[in-house]
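Read the structure below first, then the notes.
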Amino acid sequence: MEASDKLIQDLAPQKFGKKGVIWTISLIIISLAGIIAYIDQVIKGQVVTNMNDYALWGIYISNFVFFVATSFVGAVTVAVLRLTNNTWRTPIVRVAEIISLASIVMAGITIMIDMGRPDRLLNLFIYGRMQSPIIWDVIIIPTYIVICFLLLYFPLLPDLAILKKHFAKNSPRLSKWYGKFSLNWSGSEKQKKIQLKSIHIIAILIIPAGFILQTVDAWLFSTLFRVGWDSTNMGAYFISGASVAGVGALVTVLYVIQKAYKLENYITEYHFDKLGKFLVLTCLIYLYFNINEYVIPEFTSKKEEITHLNHLYSGQYAPLFWFVIIGGLIIPIIVLLFKKGRKPLPMFYIGLLVVVGSWWKRFLIVTPTLLQPFLPVQGVPESWHHYFPSFHEWIITFATLAMALLIITFLVRYLPIVPIQRTADEQEALKTNKQLSS
Amino acid sequence: MNNKLKHNFIIYLLAGLVFIGFGTQQNYAQTPKKNSVRLGADYFKIMNGNSYFDIKATSKIDKQTQGVAHIDIIVSNIIDDEEKVLGTVQTNMEGIGRFSLKSLNLIKADSTNMYNMKFSFKGNDAFKKASKSVSFKDANIEAKLITKDSIHFIQATLFDANLNTPISERLLNVQVQRLFRPLRIGPEFNSTDINGTILVSIPEDIPGVNGNLTFEVVLNDSDDFGTVKALVKAPIGIPIVDESTFDERTMWSPRNKTPYLLLILPNLVIMAMWGLIIYLTINLFKISKP
Numbered sequence: 024m025e026a027s028d029k030l031i032q033d034l035a036p037q038k039f040g041k042k043g044v045i046w047t048i049s050l051i052i053i054s055l056a057g058i059i060a061y062i063d064q065v066i067k068g069q070v071v072t073n074m075n076d077y078a079l080w081g082i083y084i085s086n087f088v089f090f091v092a093t094s095f096v097g098a099v100t101v102a103v104l105r106l107t108n109n110t111w112r113t114p115i116v117r118v119a120e121i122i123s124l125a126s127i128v129m130a131g132i133t134i135m136i137d138m139g140r141p142d143r144l145l146n147l148f149i150y151g152r153m154q155s156p157i158i159w160d161v162i163i164i165p166t167y168i169v170i171c172f173l174l175l176y177f178p179l180l181p182d183l184a185i186l187k188k189h190f191a192k193n194s195p196r197l198s199k200w201y202g203k204f205s206l207n208w209s210g211s212e213k214q215k216k217i218q219l220k221s222i223h224i225i226a227i228l229i230i231p232a233g234f235i236l237q238t239v240d241a242w243l244f245s246t247l248f249r250v251g252w253d254s255t256n257m258g259a260y261f262i263s264g265a266s267v268a269g270v271g272a273l274v275t276v277l278y279v280i281q282k283a284y285k286l287e288n289y290i291t292e293y294h295f296d297k298l299g300k301f302l303v304l305t306c307l308i309y310l311y312f313n314i315n316e317y318v319i320p321e322f323t324s325k326k327e328e329i330t331h332l333n334h335l336y337s338g339q340y341a342p343l344f345w346f347v348i349i350g351g352l353i354i355p356i357i358v359l360l361f362k363k364g365r366k367p368l369p370m371f372y373i374g375l376l377v378v379v380g381s382w383w384k385r386f387l388i389v390t391p392t393l394l395q396p397f398l399p400v401q402g403v404p405e406s407w408h409h410y411f412p413s414f415h416e417w418i419i420t421f422a423t424l425a426m427a428l429l430i431i432t433f434l435v436r437y438l439p440i441v442p443i444q445r446t447a448d449e450q451e452a453l454k455t456n457k458q459l460s461s
Numbered sequence: 005m006n007n008k009l010k011h012n013f014i015i016y017l018l019a020g021l022v023f024i025g026f027g028t029q030q031n032y033a034q035t036p037k038k039n040s041v042r043l044g045a046d047y048f049k050i051m052n053g054n055s056y057f058d059i060k061a062t063s064k065i066d067k068q069t070q071g072v073a074h075i076d077i078i079v080s081n082i083i084d085d086e087e088k089v090l091g092t093v094q095t096n097m098e099g100i101g102r103f104s105l106k107s108l109n110l111i112k113a114d115s116t117n118m119y120n121m122k123f124s125f126k127g128n129d130a131f132k133k134a135s136k137s138v139s140f141k142d143a144n145i146e147a148k149l150i151t152k153d154s155i156h157f158i159q160a161t162l163f164d165a166n167l168n169t170p171i172s173e174r175l176l177n178v179q180v181q182r183l184f185r186p187l188r189i190g191p192e193f194n195s196t197d198i199n200g201t202i203l204v205s206i207p208e209d210i211p212g213v214n215g216n217l218t219f220e221v222v223l224n225d226s227d228d229f230g231t232v233k234a235l236v237k238a239p240i241g242i243p244i245v246d247e248s249t250f251d252e253r254t255m256w257s258p259r260n261k262t263p264y265l266l267l268i269l270p271n272l273v274i275m276a277m278w279g280l281i282i283y284l285t286i287n288l289f290k291i292s293k294p
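Residue numbers (our numbering), protein chains in the order written: chain A, 24 to 461; chain B, 5 to 294.
As structure tokens, then:
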């Protein structure tokens, strides 16, 4: 067997095994349960949620912010590593592109779930005011979805052409689809030139788009005069937090794919080591912003801010807060500083911890602030000072997470996870000692 | 024959039932107990303006005093046992009605210069009839702004309008009109002197739109004269600077008043991004060409 044949054999999409089928069916069931719960929410209204006059943003917005943050992985890894000519990126970029696309699509859907009257969605476009950060979000999310799609699609073209040939005999139907989506890719110089130029443009374009997306998301909060949100730190804080969430998600998904598809020869310990260093860097930056956000106000802030901070340090949200800070940031930093900590399995657990920590972090950004309004109304029900999502909210949120995983699962099933053409070119370049274009 | 008898019987039975139906209400319905109505009336006179009566109709229903809504109150002037009807006024939802007098010349006073008014309600299915009499004399307040040693004062004189004599030892309130309720100025009790006059100094720091202030001198709810009010407008307040941004392009203005910077900059960024996206899409078409 020739080296190129083996490469295609190894990297071509494969059918799911038993575990893969069970995994997919489970995700479909959770997604369906969420859809049913959402239909019930639309019929009965948001009375089915535990949101109230104080906690008017709940778990849906936390989940939305988490998805937006995770989608940043496309900009932070793919584009940055490409523009800085880091060749070790090859086996990880496609997973990052897939996570970005799945996350931003689900972010768009999640924000609609939070709408009491989703039928009035069009009004946002008809009557939206450019002064409102919500409109900025409405504009940047579809833009980012398109950019993420193009970031995934352009590098895929040569691989789709390869898969067309590969499946021509065994699966003509699949081959036909790959052929259609490969856009008559023949690998001509002209096509390569256009493709490389386009990828370069997208790699540049996605960075400001990603920064705008994260910053707009931050400004949704910081433009409101509320304790915990009213901070000039918010934009940079969100970008660094998004890098942590994105790289954490990438590490986790990458490990699962490596094991499921037995790609140890392509996604190696070296890649996990590099990603580990990358993750520890993002965690350190995020920790720095957390210190700015939570420690410095303790010295300078007014009563309301101090009350809010004490609420986090030692109040009802203290266990969650310390889990997020210690579990989601400090432990990953300590573990990843050691070489042994950057091995695939420890990295998987750390990645998982970071993702869970990132999700709860968004909950802590949204909820405790809402429970402490500047103008407390006298005689409000005690329940307004607390918020815990209802069954509907939980099931819909789990469904959105399941849907994101389902998108990733389907894309992993039908697309080559490690770029075939790029890997072949790299192997060829190694043999001939040629410099490969980035 | 039998059929015809049966037919007639049914007709009579139905007709009988109809008539029984008509009678039932009258025979068996309880006659509703009528509630008493209490009428109250206050006389108001605004100098150089109109005069009016504020009438209130109340009733105690289920041990609670409530306003009687939508009843007609007849307003009459009593002159030597003669009753001259001036008009009617209907109460609102709160049981309150206002009867305006364009001029006091429309009513006549008795020999003691007392105006006697009668407010009566004829009664209806729910309420008993009621009436209220009010008597008052006509009084005038002449108020003006004077300045002594750079200090502004309100000087006001109360006098009997018919006799043109000053009225002494009456309490007059001096206040300045504000948005929700007037602001009292000067001493708590301003009693008119032997000349029927009061003199109240005005603080220098009262704000007003364009510096305009409207002062009120009020004889409040007097048994003899009702309520008499004189208004004095004076541009002696501290001008309020109108800080409204209603017509400006601000972050909180409607969409047609978006700040230009916010229109231009984000739209340029969006157009640049979508321009590149279109260019990339065209590249896809270029690649797909054989």
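Ideal Cβ positions, reconstructed from N, Cα and C, are used throughout, including at glycine. Because the structure is a prediction, the values reported are computed rather than measured.
With 16 other Cβ atoms within 10 Å as the buried cut-off, status of residue i
i      : result
A:I31  : buried
B:F193 : exposed
A:D76  : exposed
B:P191 : exposed
A:A341 : exposed
A:G374 : buried
A:I319 : exposed
B:A73  : exposed
Integer Cβ distance of residue i from residue j, believed to fall under 8 Å
i      : j      : result
B:E146 : B:A234 : 7 Å
A:V274 : A:L298 : 6 Å
B:I77  : B:G101 : 6 Å
Where the alpha helix (DSSP H) containing residue i begins and where it ends
i      : result
A:Y309 : 292-317
A:P156 : 156-189
A:K88  : One detail in the question is off: residue 88 of chain A reads as Val in this sequence, not Lys. Segment 82-93, the alpha helix (DSSP H) holding A:V88.
B:T196 : B:T196 -> no alpha helix (DSSP H), and no H or E assigned at all.
CB contact below 8 Å: residue i versus chain B
i      : result
A:N207 : yes
A:I354 : no
A:Y150 : yes
A:S126 : no
A:T166 : yes
Chain A within 8 Å of residue i, Cβ atoms only
i      : result
B:N168 : no
B:P186 : no
B:I83  : no
B:R174 : no
B:M275 : no
B:I281 : yes
B:S248 : no
Alpha-carbon to alpha-carbon, residue j and residue i
i      : j      : result
B:N31  : B:G127 : With a pLDDT of only 46 at B:N31, under 50, the local geometry of the prediction cannot be trusted, and the value read off the model is given with reservation. Going from the Cα of B:N31 to the Cα of B:G127 covers about 24 Å.
A:I348 : A:V103 : 26 Å
A:G258 : A:L145 : 28 Å
A:K366 : A:K216 : 38 Å
B:N287 : A:S211 : 14 Å
B:M277 : A:T166 : 8 Å
B:Q29  : A:V403 : Because the pLDDT at B:Q29 is just 46, under 50, the model does not fix this residue reliably, and the value given afterwards should be weighed accordingly. In a straight line, the C-alpha of B:Q29 is about 51 Å away from that of A:V403.
B:F157 : B:L43  : 40 Å
B:L284 : A:T390 : 40 Å
B:S63  : A:L394 : 47 Å
B:G279 : A:I170 : 12 Å
B:I282 : A:I229 : 15 Å
B:I210 : B:P243 : 9 Å
A:E405 : A:Y150 : 37 Å
A:N108 : A:L206 : 27 Å
B:E252 : B:N260 : 10 Å
B:I363 : A:R152 : Residue 363 of chain B is absent from the structure shown; chain B starts at 5 and stops at 294.
B:F289 : A:S198 : 21 Å
A:P469 : A:A427 : For chain A, the structure presents residues 24 to 461; residue 469 of chain A sits outside this window and is missing.
A:A130 : B:Q68  : 58 Å
Endpoints, beta strand (DSSP E) assigned at residue i
i      : result
B:I78  : 76-83
A:Y289 : Premise fails: A:Y289 is in no beta strand (DSSP E) and is neither H nor E.
B:D46  : 42-50
B:R102 : 100-105
B:K152 : 143-152
Residue i Cβ short of 7 Å to the ligand HEM heavy atom set
i      : result
A:W159 : Judged by which ligands are present, the structure shown has none, so any question about the ligand HEM falls away.
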